[in-house]
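Everything below concerns the one structure shown next.
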Amino acid sequence: MALTLAGAGMLAGCSAADLPLISVGIGADGTPQVTMVPCGKDAIGTVDFFVHGTPAPGAPQPTVTTPSTASEDGWLAGGSPLAPGRVTFPLFSPPATWAVREWGAERSLKPGREYSLSFRPPGFGDYSGSVSFTAEDLAGLKPGEVWAGGRAMSQKKFRKRVADKC
């Protein structure tokens, strides 16, 4: 039993901790806005955005091969560090300075789909930041709230959670 627990602890130590370091809210212009906050003085090294779900009947199908058959639309950004520290941007318009590979045509939130966004610091960081949400989750946000860690919260609460996790 002790050997099994020790082995499980070693295995758990090999994977990066997935932390709620990303929030999504609705900007003043009505578009989804993302805030990513790496720990300490870390930079953002890679970012993945995926749309999960089945397109509605009659909707255009993606024309570019996606990295996952479970995802029809999305984008990836990587290469050199993308951004030092905290960064905020529109979900469907990552910063122009990032080398982004996009596929699919989705540029707005759609009901019945799940969206996931994650980042990792450069190199082999011991953590990653992630968030998953739906259009319905964001539609239910009150003014000043963001979605992070599977629920709605104030921006102040999000900043406190980031400080606690890092």
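Counted the way our numbering counts, the sequence shown spans residues 21 to 186.
Backbone N, C-alpha and C fix where the C-beta goes; we use that ideal spot for every residue, glycine too.
Computed from a prediction, not measured in an experiment: that's the story for all the values here.
On the three-state DSSP scale, how would you describe residue i?
| i | result |
| --- | --- |
| E156 | helix |
| D146 | coil |
| R121 | strand |
| L23 | Here the model assigns L23 a pLDDT of 34, short of 50, so the residue's position is not dependable and the matter cannot be decided. |
Is the beta carbon of residue j closer than 9 angstroms to that of residue i?
| i | j | result |
| --- | --- | --- |
| S150 | D38 | yes |
| S152 | E165 | no |
| P110 | P52 | yes |
| W118 | A97 | yes |
| D146 | A48 | no |
| P141 | P40 | no |
| T108 | V182 | no |
Bridge partners for residue i per DSSP, in chain order?
| i | result |
| --- | --- |
| Q175 | Looking at the DSSP assignment, Q175 forms no beta bridge with any residue, so it has no partner. |
| S136 | F70, S152 |
Round the Cβ separation of residue i and residue j to the nearest angstrom and send it over; I've been treating them as touching at under 8 angstroms.
| i | j | result |
| --- | --- | --- |
| S138 | D68 | 5 angstroms |
| L161 | I46 | 6 angstroms |
| F70 | S136 | 5 angstroms |
Kindly indicate which residue of the options has the alpha-carbon position closest to the one of residue i.
| i | options | result |
| --- | --- | --- |
| W95 | H72, P58, G145 | H72 |
| P104 | F112, G132, M56, P131 | M56 |
| P131 | S174, P58, L158, F70 | L158 |
| I64 | D93, G45, R121, S100 | S100 |
| T154 | A172, D146, P142 | A172 |
| D93 | G50, C186, R121, G169 | R121 |
Taking only beta-carbon atoms, is residue i less than 9 angstroms away from chain D?
| i | result |
| --- | --- |
| P141 | In the displayed structure, chain D is absent; only one protein chain is listed. |
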